[in-house]
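Structure first, then comments.
Residue numbers (my numbering): 148 to 631.
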């Protein structure tokens, strides 16, 4: 009441002064804002745009969803998507195996980390370091190049945060499997010029089926705003994941056709026959990029990525032979084959108008190579009468008597993937747009034996066109008809 009375008392005195004031002319201030860019490379030849602006079926699981659902494996990431099914367990060499719409993803060309290619066979990537996991369903030749038609999975790693971040979490499962994780990020320097994001994770203990797991993972993302329009960024990822007493793989390769499967077996049963079985995987990834904003309507990017994967294992495979559960156990030593990817890509995105038509174009080129080295004795399998067993009986006790020279390697395979791409999304009216695009690929695969002699060569130069008509009745829905 006192405040109100004071205001009323001052009102009549202030009014004459206000009436005598002349209007002031102030300079017009124009503020231009832009929405933050989407994750780099999420949509390949279309550049950076939302899923609703594309004629492709996609799915994405964020780090918040991963945390809320306590997701620890790739097989669980898309568990609530009816079109996706896991085909392997996390403690087996098939941890990467995922089917999309009934088609297995290509482990050589079907997985990416921040848009960079990665050979995924036998690897479980550390989800603690991931901001989101994105899935493109269906043919991906236009967006990414040569790959199986099932789709593409792209892991987006955590990037620097605008505010200072520090978090830690611990957990346990399977009675003795413990994990810990630390996440830190932020910006520093004048006007937050430099950014960082670091993650450390460790997991160790016994799994539900008797194997022993030990895992260490680390990631680091940094960026620097060199100018108001030029940004440099770099990402690094490392993981060592060792499994002792690795879970055997069950194969139907020799199983009779049109025969029912054996009765279910307790998932906790240990089928391991060799005390020496193990499955160890190591990965490194490093990537760097320059992003240049050319005015308000155009931007260009140049990126390079280098990934290395190494597998060192002695893995058991049970070849089922009948419905009674009889099998033959094969131990396959697989000593330290290295797979190294190098990838370089340049792209330009922009917008312009031609009369009433609004264009959004993307064009660029990419070059990538994959090299695989192998120990010349890695293909040996121990297989004989003593390895016969049954799913419902105690496994045979077997000893690995193989000896190998781990210091000898040779290049067994090399893949080269060169491509150019372009796309134009033409908008007319408030709700309609047309997409036209194509990617031309030069794909080559060369293979050699341990003596260096060529064993096979595969080379194709396909053109992957794409066309679509899109209608957006609202801001949250898109109806489209497309050709891929």
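Note that beta-carbon positions come from the ideal geometry of N, C-alpha and C, so glycine has one too. None of the values given here were measured: they were computed from a predicted structure.
Would you report the Cα separation of residue i and residue j, rounded to the nearest angstrom?
i           : j           : result
residue 352 : residue 460 : 19 Å
residue 595 : residue 456 : 20 Å
residue 256 : residue 296 : 11 Å
residue 217 : residue 275 : 11 Å
residue 195 : residue 498 : 13 Å
residue 246 : residue 234 : 7 Å
residue 215 : residue 378 : 33 Å
residue 385 : residue 434 : 12 Å
residue 403 : residue 198 : 45 Å
residue 373 : residue 258 : 31 Å
residue 629 : residue 175 : 46 Å
residue 242 : residue 610 : 32 Å
residue 533 : residue 477 : 10 Å
residue 550 : residue 474 : 25 Å
residue 267 : residue 303 : 15 Å
Between the beta-carbon of residue i and the beta-carbon of residue j, is there less than 8 Å?
i           : j           : result
residue 358 : residue 390 : yes
residue 516 : residue 561 : yes
residue 231 : residue 208 : no
residue 368 : residue 344 : yes
residue 582 : residue 613 : yes
residue 204 : residue 285 : yes
residue 570 : residue 192 : yes
Please return the same chain residues whose Cβ sits closer than 6 Å to the Cβ of residue i, not counting the five positions on each side in sequence.
i           : result
residue 321 : 354 and 355
residue 491 : 451 and 514
residue 520 : 485, 556 and 558
residue 505 : 574
residue 608 : 589
residue 432 : 260, 384 and 454
residue 496 : 194, 446 and 509
residue 342 : 307, 334 and 370
Beta-carbon within less than 7 Å of residue i's beta-carbon, same chain only, minus the 5 sequence neighbours each way: which residues are those?
i           : result
residue 395 : 418, 419, 463, 464 and 465
residue 361 : 351 and 389
residue 306 : 278, 344 and 368
residue 293 : 256, 564, 588 and 590
residue 489 : 453, 515 and 516
For residue i, count the other beta carbons within 10 Å of its own beta carbon; 16 or more makes it buried, fewer makes it exposed. Which is it?
i           : result
residue 576 : exposed
residue 578 : exposed
residue 503 : exposed
residue 605 : exposed
residue 441 : exposed
residue 238 : buried
residue 586 : buried
residue 153 : Note that residue 153 scores a pLDDT of 40, beneath 50, so its modelled location is shaky and nothing firm can be said.
residue 541 : exposed
Output needed for residue i: all residues of its chain with C-beta closer than 8 Å, excluding positions within five of it in sequence on either side, in chain order.
i           : result
residue 601 : 593, 594 and 595
residue 416 : 356
residue 400 : 466
residue 288 : 294, 586, 588, 609, 611 and 631
Requested in this report: State whether the stretch 444 to 452 contacts the stretch 465 to 472, with contact taken as three or more CB pairs (one from each stretch) at a distance under 8 Å.
Outcome: Contact fails: fewer than three Cβ-Cβ distances are below 8 Å.
**Report entry** Inter-stretch contact at 8 Å, needing at least 3 Cβ pairs: the stretch 424 to 441 / the stretch 391 to 410
**Finding:** Result yes; three or more Cβ-Cβ pairs closer than 8 Å.
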